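Undergrad: In my numbering, the protein residues as written are 117 to 313. In this text, a Cβ means the ideal position worked out from N, Cα and C, and glycines have one as well. All values derive from a computational prediction rather than experimental measurement.
1. At a threshold of 7 Å, does residue 119 count as lining the ligand HEM (C-beta to nearest heavy atom)?
2. Just list the residues that DSSP pairs residue 187 with in beta bridges.
3. Quick test of your reading: residue 262 and residue 300, contact by CB under 8 Å. State the CB separation rounded to the nearest angstrom.
4. Give, in chain order, every unbroken run of the alpha helix (DSSP H) that is at least 4 residues long and sits entirely within the stretch 129-200.
5. In the stretch 196-230, which residue ranges form an unbroken beta strand (DSSP E) of at least 3 residues, counting only runs that do not cross its ends?
6. The alpha helix (DSSP H) that contains residue 254, what's its start and end?
7. Please classify residue 233: does DSSP put it in a helix, a strand, or coil?
8. Excluding the five sequence neighbours on either side, which residues of its own chain have a C-beta within less than 7 Å of the C-beta of residue 178, listed in chain order?
9. Is it buried or exposed, residue 225, if we count other Cβ atoms within 10 angstroms and call 16 or more buried?
10. How about residue 269 and residue 283: are their beta carbons less than 8 Å apart?
11. In the DSSP assignment, find the alpha helix (DSSP H) that holds residue 279 and state where it starts and stops.
12. Would you call the stretch 203-215 and the stretch 229-244 touching, i.e. three or more CB-CB distances under 8 Å?
13. If you measure from the beta carbon of residue 244 to each beta carbon in chain B, is any gap under 8 Å?
14. What distance in whole Å lies between the Cβ atoms of residue 146 and residue 165, which are believed to be in contact at a cut-off of 8 Å?
15. Is residue 301 helix, strand or coil when you go by DSSP?
Structure below.
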């Protein structure tokens with residue numbers, strides 16, 4: 117992936133679209149965008165196969181809003197992240213979600229526990245993210261706000277008795293984010309999150 121992005125950016129430099137000194141920034145930005153689009157497209161493609169497209173959009177919104185602020189566990193390479201993310205989503209849609217039934221109150225309890233974990237931890241920095249001290253503090257604060265908003269939305273969905281599938285998918289986004297934060301916090305228990313770089 118990176119090799120392809122470098123070729124595209126080299127072409128942009130040769131066509132005088134960007135300056136040579138900006139090459140690395142453009143390679144990183146272009147690669148990030150393509151990787152996110154590819155991952156999202158595959159997950160949405162799987163959701164179409166299972167006729168769960170709108171539910172998956174709700175999951176992606178809940179997950180991505182928390183994930184960008186909580187940090188947490190990250191893989192070092194795109195391909196491993198892509199494969200694991202796709203596998204987790206596939207296992208959820210095919211192997212877990214169909215068997216959940218209507219345990220709505222248990223779902224709400226698990227989501228609230230996930231939100232409590234996010235409130236306690238906030239965010240977890242790691243070398244793949246490398247926030248500075250102020251960015252780390254800002255992301256901790258934002259993670260707590262987003263978790264509170266998502267908990268309120270999920271509670272509202274629960275109270276108005278919206279279709280269970282939406283409730284489960286939004287909840288999955290929150291719980292998965294909390295799990296990734298907890299995993300990274302355990303891995304880095306002896307390090308100061310503000311100092312990871």
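TA: The short version:
1. Absence of the ligand HEM is noted for the structure shown, with no ligands found whatsoever.
2. 240
3. With a Cβ gap of about 17 Å, residue 262 and residue 300 do not count as contacting.
4. 139-165 and 169-186
5. none
6. 249-275
7. helix
8. 266, 286, 289 and 290
9. Per the 10 Å Cβ criterion, exposed.
10. no
11. Premise fails: residue 279 is in no alpha helix (DSSP H) and is neither H nor E.
12. no
13. The structure shown contains no chain B; it is built from a single protein chain.
14. Not a contact, Cβ separation roughly 29 Å.
15. The three-state secondary structure of residue 301, taken from DSSP, is helix.
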